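Residue numbers (the working numbering): 53 to 769.
Glycine included, C-beta positions come from ideal geometry on N, C-alpha and C.
Bear in mind that the values here come from a model prediction, so they are computed numbers and not experimental data.
Worksheet: the structure to be examined is printed underneath.
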Amino acid sequence: MPKKLQMLLVLMTLLCLAIYFDMQALFTLGELKGSIAEFRQWRTDSPVLVIGGFILLYVLVTTLSLPGSAMLTMTSGALFGLTEGVGIAIVASSTGALFAFLISRYLFRGFLEDRFPEQLIMINHGIEKEGAYYLLSTRLIPVFPFFIVNILMSVTAIRAWTFYWVSALGMIPVTSAYVNAGTQLSQIESVSNVLSLELILSFSLLGLIPFITKMVVNKMKKDAVSNDWTKPKKFDRNLIVIGAGAGGLVTSYIAAAVKAKVTLIEAGEMGGDCLNYGCVPSKAIIKSAKMANQFKNAHHYGLEDSIPQFSFKKVMQRVHDVVAEVAPHDSVERYTDLGVEVLKGYGRLLDPWTVEISYEDGTSSKLTARSIVIATGARPFVPPLPGIEETGYVTSDTLWTEFAKLDTAPEKLVVLGGGPIGSELAQSFARLGSNVTQIEMADRIMIREDLEVSEFATKALQKSGVDILTSHQALRCELKEGKKIIVVKHQDEEIEIEYDQLLCAVGRSARLEGYGLEELGIETNRTIVTNEYLETLHPNIFAAGDIVGPYQFTHVAAHQGWYAAVNALFGQLKKFKVDYRVIPWVTFIDPEVARVGINEYEAKEKGIDYEVTRFEFKELDRAITESSTDGFIKVITPKGKDKILGVTIVSEHAGDLIAEFVLAMKHGLGLNKILGTIHSYPTWAEANKYAAGEWKRAHAPQTILRLLEKYHTWRRG
């Protein structure tokens, strides 16, 4: 018999015995009054034995959550007096509570963690920060049943020692009231007289003290941070935003929408990296490259294959034209019309409320604001390889200008990095005629995806002409006889690779320098350190976007921008924690790779009892009509449930298809809901419904189906 079941049987047996022998009858006011003289005589004759026996009895009653703890507390006062009685009752009740806590944790915590992992993760996150305060408040308020608090706290991550001492501290007021009543036993007519309604309300208000104390302490800490500076009595602005990328644009737009006076400061181009160097130009060249590839593979569509005739300069010009066409959406004029003051200059924090703006003409000005949001983004990281500066390189920021000068695509292009940016650009330039070598130090590209997704992406890039070298470490760059060489290490062997252009795509680093962060003591660790409200060390200075992380996506920066704006403007009334629960991302190789939630690798890493549902696009009619049947949908769900934990889609239009799953996860809709939704035929979106259908088919109630088969057989006669 399992040990947990044995323990459960023992506890149930003890409870049954307590009920059978009517132990509750021993803990009545009449019984106590009738026996108090005898108890006192025992205490006089054998004080150690009586105290020890009393504590053991009290511990047993509280451990088993038996009725009678109130009477035992009063008995403590009657036997031992106020001071000693309070001490004995606190030690005994806290110890019993700890035993009940540990037993409940042993019996139930694992069971609940297996069935409600995500919910417990969220609860434990709050317990880590506020657990002691919650526990202290519930102990101070007698309305909360003693034993229920023990059970509820046992399934959280609160430490046993913390539970013990906080429980002991929190029970002092109520215990003191009962012990004091016990010292005046002859005047008590009913246990209910001990805690009047007024006293219960007083204790309930007492339960607010931990949170009020915390608020006061936090305010004192925050005020102390800014004591080195003089806070302005009046402010020029409600909000100043530094950086006009996705995070800064959304922040300033929301501030203007709620009629706050807001200034947006940007030293470079409006729209930030996404518009000018990232999302927009890369997707433009991906489309051109895809068209070129379709010419080469026209036989898929019943046409003759042909070599596309094109001017590389025109392709690059189209990229710049696309950026110019999108630019008005993020322009100074548009945001000025929306009510945002836009200043083209370099912003630097002088104190927690003052920003100095340096303009291109050498002049400067200062503005004060009640709140400030830093949204300065990130820049491509360039690895410190010996010789790289001498041989030259481009990044995802600079290639658009540098490659626009070329008449043809680089003949020999080395892409350093196997992440999304490197993979997208490697495939695109290979399709536009470059001999592309992609170098990745890890054992596979797109390392954050499942192994089969990485393998799928590898084959797709190789099919486009990319030579992928994984497990190759870049060592140095050299010039040999006028040729550019990158030296890489593979299995203790050094290999030389010649190139015309080297594209560094090994990640991005936050722009942290030159904004006055160090002088204000704002902590940085690769990114600005903030709390869950996006506050920095200074409670009126916030950060959003790539400078914060944890996801360097444009849509996440915009998502954070909303929280930064609302918390900066209305945080004194209500603050909102950033919600990262449902974050989608897409790698725009061909076919695209889109994901939301966890993948199979992460499910295994977290020890989740999961199952996988797959749908292959070769089964989708629309994919067949477009000769684009490569790919699949992979859905992660808990065993036997249709709740969506994560989805990976590899296919044409994967970035669009993932949106339905994002919506479902955000609002708690399962696969059954998707299956029950009408999808137009023939569309790519039908694949989502068919994936849900695969799950349903695997979970069909076989017993009911067999009964139905017999029923229909009977109906036929």
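#1: When the cut-off is 9 Å and only beta carbons count, does residue 417 lie next to chain D?
#2: Where does residue 238 land, buried or exposed, given buried means 16+ other C-beta within 10 angstroms?
#3: Where do the ends of the beta strand (DSSP E) carrying residue 12 lie?
#4: Do three or more CB pairs link the stretch 316 to 326 to the stretch 632 to 642 at distances below 8 Å?
#5: Counting C-beta neighbours from all protein chains within 10 Å, is the total for residue 699 16 or more, i.e. buried, or is it exposed?
#6: Can you find at least 3 beta carbon pairs, one from the stretch 435 to 453 and one from the stretch 555 to 563, that sit closer than 8 Å?
#7: Rank 107, 461, 290 and 605 by C-alpha distance to the C-alpha of residue 363 and give the top, closest one.
#8: Can you confirm whether the stretch 728 to 740 touches the stretch 705 to 713 when touching is taken to mean that 3 or more C-beta pairs between the two stretches lie within less than 8 Å?
#9: If I follow the unbroken alpha helix (DSSP H) through residue 590, where does it start and stop?
#10: Alpha carbon to alpha carbon, how far is residue 542 from residue 658? Give it in angstroms, no decimals.
#11: Out of 147, 497 and 160, state which residue places its alpha-carbon closest to the alpha-carbon of residue 218.
#12: Is it buried or exposed for residue 289, if we count other Cβ within 10 angstroms and need 16 for buried?
#13: Pull up the distance between the alpha-carbon of residue 692 and that of residue 315, whole angstroms please.
#14: Please report how far the alpha carbon of residue 629 lies from the alpha carbon of residue 718, in whole angstroms.
#15: Per the DSSP calculation, residue 420 is bridged to which residue(s)?
#16: With DSSP run on the structure shown, which of helix, strand or coil describes residue 238?
#17: How big is the Cα-Cα spacing for residue 355 and residue 345?
#18: Could you spell out where the alpha helix (DSSP H) holding residue 216 opens and where it closes?
#19: Looking at the secondary structure, which residues open and close the alpha helix (DSSP H) in which residue 140 lies?
#20: Please state the DSSP three-state secondary structure of residue 521.
#21: Counting only runs of 3+ residues fully inside the stretch 546 to 617, write out the beta strand (DSSP E) ranges in chain order.
#22: With DSSP as the reference, please indicate the residues paired to residue 703 in a beta bridge.
#23: Would you mind sorting residue 202 into buried or exposed? The rule is 16 or more other CB atoms within 10 Å of its CB.
#24: Would you mind listing the beta strand (DSSP E) stretches within the stretch 646 to 681 that are 3+ residues and don't spill past its ends, in chain order?
#25: For residue 213, is the classification buried or exposed, using 16 other Cβ atoms within 10 angstroms of its Cβ as the cut-off for buried?
#26: For residue 250, which of helix, strand or coil comes out of DSSP?
#27: What is the residue span of the alpha helix (DSSP H) that residue 346 lies within?
#28: Taking its Cβ as the centre, do 16 or more other Cβ atoms sit within 10 Å of residue 79, making it buried, or is it exposed?
#29: State the beta-bridge partners of residue 315 as determined by DSSP.
#30: Where DSSP assigns a beta bridge to residue 742, which residues make up the other side?
#31: Run through the DSSP bridge pairs and tell me what residue 398 is partnered with.
#32: Helix, strand or coil for residue 768 per DSSP?
#33: Helix or strand or just coil, what does DSSP make of residue 696?
#34: Are residue 424 and residue 293 touching if we call contact CB-CB under 9 Å?
#35: Secondary structure at residue 104, three-state DSSP: helix, strand or coil?
#36: Going along the chain, which residues of its own chain have a beta-carbon closer than 7 Å to the beta-carbon of residue 380, five neighbours each way excluded?
Let's see:
#1: Included in the structure is just one protein chain, with no chain D present.
#2: Here residue 238 corresponds to residue number 186 of the sequence shown, with the count starting at 1. Low per-residue confidence applies at residue 238: pLDDT is 46, beneath 50, and the placement is therefore not dependable enough to give any value.
#3: Nothing can be reported for residue 12, as the shown portion of the chain is limited to 53 through 769.
#4: no
#5: The residue given as residue 699 occupies position 647 in the sequence shown. Result: buried.
#6: yes
#7: Numbered from 1 along the sequence shown, position 311 holds the residue referred to as residue 363. Comparing Cα-Cα distances from residue 363 to each of 107, 461, 290 and 605, the minimum goes to 461.
#8: yes
#9: In the sequence shown, counting from the first residue as 1, residue 590 sits at position 538. Run containing residue 590: none; DSSP gives neither H nor E here.
#10: In the sequence shown, residue 658 corresponds to position 606, counting from 1. In the sequence shown, residue 542 corresponds to position 490, counting from 1. In a straight line, the C-alpha of residue 658 is about 32 Å away from that of residue 542.
#11: Here residue 218 corresponds to residue number 166 of the sequence shown, with the count starting at 1. Here the closest residue by C-alpha is 147.
#12: Translated into positions along the sequence shown, residue 289 becomes position 237. Classification of residue 289: buried, given that the 10 Å Cβ count is 16 or more.
#13: Numbered from its first residue, the sequence shown carries residue 692 at position 640. Numbered from its first residue, the sequence shown carries residue 315 at position 263. Distance between the alpha carbons of residue 692 and residue 315 is about 53 Å.
#14: Position 577 of the sequence shown, counted from the start, is the residue given in the question as residue 629. Position 666 of the sequence shown, counted from the start, is the residue given in the question as residue 718. Cα to Cα, the separation comes out at about 16 Å.
#15: Counted from its first residue, the sequence shown places residue 420 at position 368. Residue 420 is bridged to 406.
#16: Position 186 of the sequence shown, counting from 1, holds the residue named residue 238. Its pLDDT being 46, under 50, residue 238 is placed unreliably in this model, and the value from its coordinates should be taken loosely. In this structure, residue 238 counts as helix in the three-state DSSP scheme.
#17: Within the sequence shown, numbered from 1, the residue matching residue 355 stands at position 303. Within the sequence shown, numbered from 1, the residue matching residue 345 stands at position 293. In a straight line, the C-alpha of residue 355 is about 13 Å away from that of residue 345.
#18: In the sequence shown, residue 216 corresponds to position 164, counting from 1. Taken as a continuous stretch (DSSP letters only), the alpha helix (DSSP H) holding residue 216 covers 212 to 222.
#19: The residue labelled residue 140 in the question sits at position 88 within the sequence shown. 134 to 156 is the extent of the alpha helix (DSSP H) around residue 140.
#20: Here residue 521 refers to the residue found at position 469 of the sequence shown. Strand, per DSSP.
#21: 553 to 556, 560 to 562 and 593 to 595
#22: The residue you call residue 703 lines up with position 651 of the sequence shown. Paired residue(s): 644.
#23: Numbered from 1 along the sequence shown, position 150 holds the residue referred to as residue 202. Flag for residue 202 reads buried.
#24: 662 to 668
#25: As a position in the sequence shown, residue 213 is number 161, starting the count at 1. Under this definition residue 213 is an exposed residue.
#26: Position 198 of the sequence shown, counting from 1, holds the residue named residue 250. Confidence at residue 250 is low in this model, with a pLDDT of 49, below 50, so its placement is unreliable and the value that follows should be read with caution. Of the three classes helix, strand and coil, the one that applies to residue 250 here is helix, per DSSP.
#27: Here residue 346 refers to the residue found at position 294 when the sequence shown is read from its first residue. Start and end: 331 to 348.
#28: Looking up residue 79 in the sequence shown gives position 27. A caution first: residue 79 carries a pLDDT of 49, below 50, which makes its placement in the model unreliable, though a value can still be read off. Buried, by the Cβ-count rule.
#29: Locating residue 315 in the sequence shown gives position 263, counting from the first residue. Looking at the DSSP assignment, residue 315 forms a beta bridge with 292 and 393.
#30: To locate residue 742, count along the sequence shown from 1; it is residue 690. BP columns for residue 742 are empty, so no partner.
#31: Reading the sequence shown from its first residue, position 346 is the one you call residue 398. Answer is 410.
#32: Residue numbering aside, residue 768 sits at position 716 when the sequence shown is read from its first letter. If DSSP states are grouped into helix, strand and coil, residue 768 belongs with coil.
#33: On the sequence shown, residue 696 is found 644 positions in, with the first residue counted as 1. Of the three classes helix, strand and coil, the one that applies to residue 696 here is coil, per DSSP.
#34: The count along the sequence shown starts at 1 and reaches residue 424 at position 372. The count along the sequence shown starts at 1 and reaches residue 293 at position 241. Yes. Within cutoff.
#35: On the sequence shown, position 52 is the one that residue 104 refers to. Helix, per DSSP.
#36: On the sequence shown, residue 380 is found 328 positions in, with the first residue counted as 1. Hits under 7 Å: 386.
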